[in-house]
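Numbering (my numbering), first residue to last: 40 to 261. Cβ atoms here follow ideal geometry from the backbone N, Cα and C, with glycine treated the same way.
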Ligand code: DX5
Ligand code: ZN
């Protein structure tokens with residue numbers, strides 16, 4: 040039987056002059072997570088927001104938080120991320136963590152869920168020895184740093200490879216995809232075996248945020 044597809048709207052494309060209104064729409068929608076993109080201007084060529092905004096968003100979101108850290112040395116911030124709430128997943132980039140196993144253990148020791156994110160040029164094979172330790176692998180389907188970019192098609196093959204690895208290991212790690220997700224690309228990702236889709240511009244640039252989330256959510260998975 041097909042699993043339920045999960046949707047994580049990304050706040051990066053929301054109206055930053057009125058974030059509470061957009062978070063309220065996410066709260067009232069069928070979204071499963073709130074995806075929060077932190078960028079440091081070092082790991083990626085852009086700066087988004089930091090703890091003041093994360094705290095404000097966490098304070099009004101009724102959805103679990105999916106925090107995507109596009110920053111160097113993300114382990115420095117584990118205690119501060121932990122303070123954001125009870126239901127938090129902390130996603131760190133493989134490319135930003137030379138001691139990834141240690142970072143994942145440190146995140147899990149706080150009681151948070153842990154995820155590892157792969158850039159488009161990083162092969163799925165790089166998570167072979169960590170996939171059983173994380174709750175989620177996030178496959179980037181654009182180069183991280185900006186919303187509204189074009190979907191990179193090889194992601195479809197990477198989803199299938201990751202699905203095979205997860206099944207071979209007999210684990211329940213979730214597959215999330217981030218970047219260029221819209222009503223055209225989402226069906227392909229769901230069919231390839233993705234569990235969770237992040238969508239920023241497709242949700243917040245649409246005329247009806249709640250309806251667009253409903254349409255994404257109704258797609259059929261593998
Ligand atoms: C990009 C971020 C994404 C971004 C996606 O670096 O990780 O979460 O918000 O934006 P869209 O859905 O517009 O590609
Ligand atoms: Zn993201």
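| Check | Outcome |
| --- | --- |
| Residue 146 and residue 117 - do their beta-carbons sit closer together than 8 Å? | yes |
| Thinking just about the alpha-carbon of each residue, which of 261, 202, 59 is nearest to the one in residue 229? | 261 |
| Can the beta-carbon of residue 87 be found less than 8 Å from the beta-carbon of residue 76? | yes |
| Where does residue 183 fall in DSSP's three states? | coil |
| Does DSSP put residue 192 in a helix, a strand or coil? | coil |
| So for residue 161, helix, strand or coil by DSSP? | coil |
| May I ask you to list the residues that DSSP assigns as paired with residue 152? | 128 |
| Between the C-alpha atoms of residue 90 and residue 120, what's the straight-line distance to the nearest angstrom? | 8 Å |
| Can you list, in chain order, the stretches of the beta strand (DSSP E) that have 3 or more residues and sit fully within the segment 188-237? | 213-217 |
| I need the DSSP call for residue 111, collapsed to helix, strand or coil. | coil |
| Ordered along the chain, which non-local residues of its own chain (more than five positions away) have a Cβ less than 8 Å from that of residue 66? | 99, 100, 101, 102 |
| Thinking residue 238 and residue 48 are a contact (beta carbons under 8 Å), I'd like their distance in whole angstroms, please. | 6 Å |
| Could you check if residue 132 belongs to the surroundings of ligand 1, using beta carbon to heavy atom distance under 7 Å? | no |
| Would the segment 119-136 count as touching the segment 155-173 if we require 3 or more Cβ pairs under 8 Å? | yes |
| Between which two residues does the beta strand (DSSP E) containing residue 73 stretch? | 73-78 |
| For a quick check, are the C-beta atoms of residue 52 and residue 242 less than 8 Å apart? | yes |
| Spatial neighbours of residue 249 within its chain, please: C-beta separation below 7 Å, excluding the five flanking residues on both sides. | 64, 67, 68 |
| What did DSSP end up calling residue 177 once you bin it into helix, strand or coil? | strand |
| Residue 45 lies in the beta strand (DSSP E); which residues open and close that run? | 45-48 |
| According to DSSP, is residue 63 helix, strand or coil? | helix |
| Should residue 76 be counted as a contact of ligand 2 given a C-beta to heavy atom distance under 7 Å? | yes |
| With DSSP collapsed to three states, give me the class of residue 261. | coil |
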